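Note that UniProt numbering has the sequence shown beginning at 1, numbered continuously upward. These notes are about the structure you will find just below.
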Amino acid sequence: TSCRRWRGCRWRRRRRSSRRQGGAPANVAIAVARLGGGAAFVGKLGDDEFGRMLAAILRDNGVDDGGVVFDAGARTALAFVTLRADGEREFMFYRNPSADMLLTHAELNVELIKRAAVFHYGSISLIAEPCRSAHLRAMEIAKEAGALLSYDPNLREALWPSREEARTKILSIWDQADIVKVSEVELEFLTGIDSVEDDVVMKLWRPTMKLLLVTLGDQGCKYYARDFRGAVPSYKVQQVDTTGAGDAFVGALLRRIVQDPSSLQDQKKLEEAIKFANACGAITATKKGAIPSLPTEVEVLKLMESA
């Protein structure tokens, strides 16, 4: 630890920082691509060093960036992540407005969206216009084209004006999703109940859903389908950084569902898909940074075989 003084103020330099690229939907897209699937990204980046770098990272990882547009008048959003000793995180964001918030429906790559088997999204793009309207229109296009809609709210309270507005807007599109994934923290936030019992989880179930998942960190995952429900344990690993672990889980599960859509109606197949997804999430948590930590299929199968 080093300590310096400047005009009566003292500050301590305790931690090293490093630059890592990511963002939940991009993490999911790269997770799918790294597992051998096809993926594309739709969104807006600043026409700056960070934005160009992120687009290049998408391409370098096999993700189609044909849905990316650049804004010369806005900067790419930045997030600062502080790691705790247990690998969990605290976030601080620099945006308002950043380029991602300024995406308009006219800028959507409609043909790219129409080709999707699954359209995956979060809730941050619901916070403000014009991005909110672009998000809703993209969902409509994907649904009309026959895609499954996959929703991970990826709650970041600090970005919302209030908890109530966050809850209201996150739930405003709940009924339209085919697949929904929430964390234990998000379950409590949305229901107001600190419990993962089935009766609490079912408050988030909708008849239109095909699958509802609650991830429980190193305790695995609970799942709810139309005709069955259950739980799948996780894999024991040494956690270093949980950033991107949930995105790795989602990407892996969507990859498996696209490979075999019948897994949504077959409990044994679904549990195998969730085991695979749990392994992806576990591996991602063993390294720092989201995108660099996303595993290949070979790495996932190796962990599953050794467990």
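Backbone N, C-alpha and C fix where the C-beta goes; we use that ideal spot for every residue, glycine too. In this text the structure is predicted, and so the values were computed from the model without any measurement.
The alpha-carbon separation between residue 131 and residue 124 amounts to approximately 9 Å. The three-state secondary structure of residue 222, taken from DSSP, is strand.
Nearest Cα to residue 304 within the set 283, 66, 142, 293: 283. Beta-carbon to beta-carbon, residue 43 and residue 75 are separated by about 14 Å, too far to satisfy the 8 Å threshold.
When DSSP states are grouped into helix, strand and coil, residue 41 belongs to the strand group. Going by DSSP, residue 268 is part of no beta strand (DSSP E) but of the alpha helix (DSSP H) stretching over 267-284.
Residue 296 is not bridged by DSSP to any residue. It is roughly 23 Å from the alpha-carbon of residue 246 to the alpha-carbon of residue 228. Sixteen is the threshold: since fewer than 16 other Cβ atoms of the shown chains lie within 10 Å of the Cβ of residue 162, the residue is exposed. Residue 277 and residue 218 have their C-alpha atoms spaced approximately 13 Å apart. A residue is called buried once 16 or more other Cβ atoms fall within 10 Å of its Cβ, and residue 274 is buried on that count.
The beta strand (DSSP E) runs lying completely inside the region 221-266 and spanning 3 residues or more are 221-225, 229-232, given in chain order. The Cβ-Cβ distance between residue 225 and residue 211 falls below 7 Å.
Taking every protein chain shown into account, the CB of residue 96 has fewer than 16 other CB atoms within 10 angstroms, so this residue is exposed. Residue pairing by DSSP places residue 64 opposite 40 in a beta bridge. Less than 7 Å separates the beta-carbon of residue 29 from that of residue 63.
If the five residues before and after residue 287 are omitted, its C-beta is found closer than 8 Å to the C-beta atoms of 240, 241, 293, all from its own chain and listed in chain order. Nearest in C-alpha terms to residue 243, of all of 158, 80, 190, 108, is 80. Per DSSP, the continuous beta strand (DSSP E) segment holding residue 150 begins and ends at 148-151. In this structure, residue 153 and residue 186 form a Cβ contact; the two beta carbons are roughly 6 Å apart against a cut-off of 8 Å. Remark: C-beta atoms of residue 281 and residue 248 approach each other more closely than 7 Å. Under the DSSP assignment, residue 181 falls in the beta strand (DSSP E) whose first and last residues are 179-183. Secondary structure of residue 158 (DSSP, three-state): helix. In this structure, the CA atom of residue 265 is about 27 Å from the CA atom of residue 195. Note on geometry: alpha-carbon atoms of residue 197 and residue 52 lie some 44 Å from one another.
Around the beta carbon of residue 209, 16 or more other beta carbons sit within 10 angstroms, so the residue counts as buried.
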